[in-house]
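> Those protein sequences? They're chains A and B, same order as listed. Each number in this note's numbering comes from the position in the first sequence (counting from 1) with 158 added on. Each number in this note's numbering comes from the position in the second sequence (counting from 1) with 38 added on.
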Amino acid sequence: MSLLTVENLSKHYEGRRSLVERLTGVPQTVVRAVNGIDLTVEKGEILGLIGESGCGKSTLGRAILRLHEPTTGKVTFDGTDVTALDAAGLKAMRRRMQIIFQDPYASLNPRRTVAQIVGLPLKLHGLAQTDDEARAIVARICERVGLKANQLDRYPHQFSGGQRQRIGIARALVSNPEFIVCDEPVSALDVSIQAQIIALLLELKREMGLTYLFISHDISVIGYLADRVAVMYLGEIVEMGPVEAILANPRHPYTQSLMSAVPEVDHAGRRARVRLAGDLPSPLNPPAGCKFHTRCPLAVEACRSRAPVTETVGPGHSAACHRLAENLSLLEGTPA
Amino acid sequence: MTQTLLDVRGLRTVFETRAGRVCAVDGVDVTVQRGECLGVVGESGSGKSVTFSSVMGLVKSPGRVDEGTISFDGRDLRALSPAEMRAVRGRDIAMTMQDALTALNPALTVGEQIAEVLEAHDETLPPRGAARRAAIRAKSVEMLGLVGIPSAENRLRQYPHEFSGGMRQRIMIAIALACRPKLLIADEPTTALDVTIQAQVLELISDIRARLGMSVVLITHDLGVVAEHCDRVMVMYAGQVVEEGPTAQVIGDPQHPYTQGLLASIPRPGLRGQPIRPIEGQVPDLIGLAPQCRFYSRCTRRTDACLAPVEMRAAGPNRRARCILIEEDRA
Chain A
159 MSLLTVENLS KHYEGRRSLV ERLTGVPQTV VRAVNGIDLT VEKGEILGLI GESGCGKSTL
219 GRAILRLHEP TTGKVTFDGT DVTALDAAGL KAMRRRMQII FQDPYASLNP RRTVAQIVGL
279 PLKLHGLAQT DDEARAIVAR ICERVGLKAN QLDRYPHQFS GGQRQRIGIA RALVSNPEFI
339 VCDEPVSALD VSIQAQIIAL LLELKREMGL TYLFISHDIS VIGYLADRVA VMYLGEIVEM
399 GPVEAILANP RHPYTQSLMS AVPEVDHAGR RARVRLAGDL PSPLNPPAGC KFHTRCPLAV
459 EACRSRAPVT ETVGPGHSAA CHRLAENLSL LEGTPA
Chain B
39 MTQTLLDVRG LRTVFETRAG RVCAVDGVDV TVQRGECLGV VGESGSGKSV TFSSVMGLVK
99 SPGRVDEGTI SFDGRDLRAL SPAEMRAVRG RDIAMTMQDA LTALNPALTV GEQIAEVLEA
159 HDETLPPRGA ARRAAIRAKS VEMLGLVGIP SAENRLRQYP HEFSGGMRQR IMIAIALACR
219 PKLLIADEPT TALDVTIQAQ VLELISDIRA RLGMSVVLIT HDLGVVAEHC DRVMVMYAGQ
279 VVEEGPTAQV IGDPQHPYTQ GLLASIPRPG LRGQPIRPIE GQVPDLIGLA PQCRFYSRCT
339 RRTDACLAPV EMRAAGPNRR ARCILIEEDR A
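1) Please determine, among B:K98, B:G80, B:V52, B:V103, the residue with the shortest C-alpha to C-alpha distance to V46 of chain B.
2) Grab me the residues of G173 of chain A's own chain with a C-beta within less than 8 Å of its C-beta, minus the 5 sequence neighbours each way, in chain order.
3) With C-beta atoms as the reference, is S326 of chain A less than 8 Å away from F259 of chain A?
4) Considering only their Cβ atoms, is the gap separating V88 of chain B from A62 of chain B smaller than 8 Å?
5) Given a cut-off of 8 Å, decide if S318 of chain A and T230 of chain A are closer than it, judged by their beta-carbon atoms.
6) Please decide whether Y263 of chain A counts as near chain B, where near means a Cβ-Cβ distance under 8 Å.
7) Any beta carbon of chain B sitting closer than 8 Å to that of L305 of chain A?
8) For A153 of chain B, which residues of its own chain have a beta-carbon under 7 Å away from its beta-carbon, when the five flanking residues on both sides are left out?
9) I'd like the list of long-range same chain contacts for G204 of chain B, defined as Cβ closer than 7 Å, with 5 residues on each side in sequence excluded.
10) Would you mind stating whether R360 of chain B and Q278 of chain B have Cβ atoms separated by less than 8 Å?
11) Thinking C-beta only, is E365 of chain B closer than 8 Å to S253 of chain B?
12) Identify, in the order they occur along the chain, each residue of the same chain with its Cβ nearer than 6 Å to the Cβ of Q256 of chain A, setting aside the five sequence neighbours on each side.
13) For the pair the segment 216 to 226 of chain A and the segment 400 to 413 of chain A, tell me if three or more CB-CB distances fall below 8 Å.
14) So what does DSSP say about N192 of chain B, is it helix, strand or coil?
15) Closer than 8 Å, CB to CB, is H375 of chain A near chain B or not?
16) Provide the residue(s) that pair with F372 of chain A in DSSP beta bridges, ordered along the chain.
17) Find the nearest neighbour of T338 of chain B within the set B:G319, B:E349, B:P100, judged by alpha-carbon distance.
18) DSSP on M252 of chain B, reduced to helix/strand/coil?
19) Report the residue from A:R175, A:T234, A:P228 whose alpha carbon sits nearest the alpha carbon of L162 of chain A.
20) Give the DSSP bridge partners of A224 of chain B, in chain order.
21) Enumerate in chain order the residues of its own chain whose CB-to-CB distance from C331 of chain B is below 6 Å, with the five nearest sequence positions on each side excluded.
22) From this set, A:H451, A:K249, A:A435, A:P408, which residue's C-alpha is nearest G472 of chain A's C-alpha?
23) Taking 8 Å as the threshold (C-beta atoms), are V423 of chain A and L261 of chain B in contact?
24) Taking one C-beta from the segment 189 to 203 of chain B and one from the segment 92 to 107 of chain B each time, how about it: are there three or more such pairs within less than 8 Å?
25) Counting only C-beta atoms, is L76 of chain B closer than 8 Å to chain A at any point?
26) From the DSSP output, which residues share a beta bridge with R351 of chain B?
27) Report the option in B:R59, B:V185, B:L301 whose CA atom is closest to the CA atom of G436 of chain A.
28) State buried or exposed for D225 of chain B, treating a residue as buried only when at least 16 other CB atoms are found within 10 Å of its CB.
29) Are the beta-carbon atoms belonging to T69 of chain B and L44 of chain B less than 8 Å from one another?
30) Of all the options A:H475, A:P455, A:C448, A:A477, which has the alpha carbon lying nearest to the alpha carbon of A465 of chain A?
31) To the nearest angstrom, report how far apart D237 of chain A and H226 of chain A are at their CA atoms.
32) Residues in the same chain with beta-carbon distance under 8 Å from G209 of chain A, minus the five sequence neighbours each way, listed in chain order, please.
33) Would you list, in sequence order, the uninterrupted beta strand (DSSP E) runs of no fewer than 3 residues that lie entirely inside the segment 191 to 237 of chain A?
34) Going by Cα to Cα distance, which pick from A:V332, A:V349, A:L359 is closest to D341 of chain A?
35) Against chain A, with Cβ distances strictly below 8 Å, would V263 of chain B count as a contact?
36) Select from B:L96, B:A328, B:G183, B:V280 the residue whose C-alpha is nearest the C-alpha of V60 of chain B.
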């Protein structure tokens, strides 16, 4: 059984209307940030979630943890329906499901010391009997993530971005969780520091038997560390599958163009280029039919009117596109 | 006319802070040839932006250019008066900033912001009256068209907040290019953008460079961007250039341990299953630096000889690196 199952999960935000607008019948605007997502995460794997800004990947990560209350849908973690839990049940569940945030500057309380920040989950969940015991646990986990013992009583502003991210990791791991949502944990960091944090996250996963949902906009990072990949566009998953299959044989035109757009040190000048025209459409007013049709080089009439259904295209590999049967590829030299 | 457009020698830019003197740029040499695209790579704090702000004369107090010569198209920029420098900026050298939303004026329409540059620098315009206004308008429409903004006539009347991130970056490029400068300095033009939009903007810069025959300096932290778009690359670390040369050679066969470490630490699908080897430690504090090699504390190949100052050495034809491991006789 999968560790985490997400069924038809949606998160919609309603726009504000003034009284006049409501009385005069101005229609309610709705942003469908996450729209009918189905996915599973197996124990011990890394599921990479990739997409551009505004595609809903962070909202999905937070809706799974109920940091944002989902509008509809069901999240099951280790057999428990997370979406049905009451406050006490959810709190207990949060010990087992944690999150590492993108911005190591905004996600740490500037008025608390490292020991207080990392020790808070222990206090909330009653995981340490005495202050001394809590301090010892905090010191152990901080040392493990690469902080020094004499740094425990310092404040976040005394640390660099990479070290702050280590504090965020220590806070997520101190309650000994099983599942972590890594929400762009390395995007704000310099290249050499990014590599340190990725190496650390992979070591910790091995040692503690963790499962990650790893959110990123960087296909190089996802391609390096994920076991399976889900590609999101405007609130929906357009393609999902084992990382090898997605890298070698991406089937959705959006995945293909995403991959060809990444400048790579290895492939300079050798890669076929697909250049998408235009910007991501506004999620307030998404295109009808397939949401990608406004930017898709392969769009035909059917794409403008009907939303494609998700089809299986290989072992554990699925995609949602009207033209899958034609085996088209935007990437030259790649067998479709 | 020589082939060298920009020639910077021994540039030193310092900032006087309460904690002490920060030497953000220390002994940097840069040359940019006509028509070439130079990539400048480095992590935050490496001095890449400050180097080119110094070239533009945009370093503000408490910072100042302390030493060095900046020669552009045969003129010594450091000897120019503020008024003369103002004439060079925008007309001969233009710079686009990383964050287009804060760099553009939110209270002026896009059309007014392009017109400002033309008013200040374009000497080919009619002197006054309706003819001048019409000429400015025509040129503004032409510039927006050049950077690929559709229905330019209408969009001139819009404000920056009405555009998406990629479009704003295009507008900044349009403003920078309005007077057809000889050199465009693009400071992290795509860092804030999504990959598909990043690809569009980089392609646009390459395309315009070829069409207008200008030189481009592309400041970035992304070696992938450099690999795809730049002829030559200069790698900076802690205020100094540590390696420079033709892009393919530097990326294919890096000489400096920092460049090697940087390349080895980029996660990519090709390295799946292998551990990445990060560069341990952090960039040194720029206050009170010892005269030793600045990469010393993080270098896996350091020796006691590295505790003396290290100069740039020839590391092959057209290549230089700042490391004692390079045998001088390779040149």
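Every residue, glycine too, gets a C-beta built ideally from N, C-alpha and C. Note that the coordinates shown come from a computational prediction; the quantities given were computed from them, not determined experimentally.
Reading it off the structure:
1) B:V103
2) Q186, T187, V188, V189, L442
3) As written in the sequence, residue 326 of chain A is Gly, which differs from the Ser given in the question. Yes, they are a contact pair.
4) yes
5) no
6) no
7) no
8) So the list reads I174, S178, once near-sequence residues are dropped.
9) L231, I235, Q238, V239
10) Going by C-beta atoms, R360 of chain B is nearer than 8 Å to Q278 of chain B.
11) no
12) Closer than 6 Å at the Cβ level, and outside the excluded window around Q256 of chain A, lie A330, P335, I338.
13) no
14) helix
15) Taking 8 Å as the threshold, the shortest C-beta distance from H375 of chain A to chain B falls below it.
16) A:G206, A:C340
17) B:G319
18) coil
19) A:T234
20) Looking at the DSSP output, A224 of chain B shares a beta bridge with B:T134, B:L256.
21) Cβ within range, chain order: C344, V348.
22) A:P408
23) yes
24) no
25) no
26) B:A359.
27) B:V185
28) buried
29) yes
30) That would be A:C448, whose Cα lies nearest to the Cα of A465 of chain A.
31) One detail in the question is off: residue 237 of chain A reads as Gly in this sequence, not Asp. Spanning the two alpha carbons is a distance of roughly 21 Å.
32) K215, H375, V389, M390, Y391
33) If only complete runs of 3 or more residues are kept, the segment 191 to 237 of chain A shows the beta strand (DSSP E) at 204 to 208, 230 to 235, in order along the chain.
34) A:L359
35) yes
36) The residue with the shortest Cα to Cα distance from V60 of chain B is B:A328.
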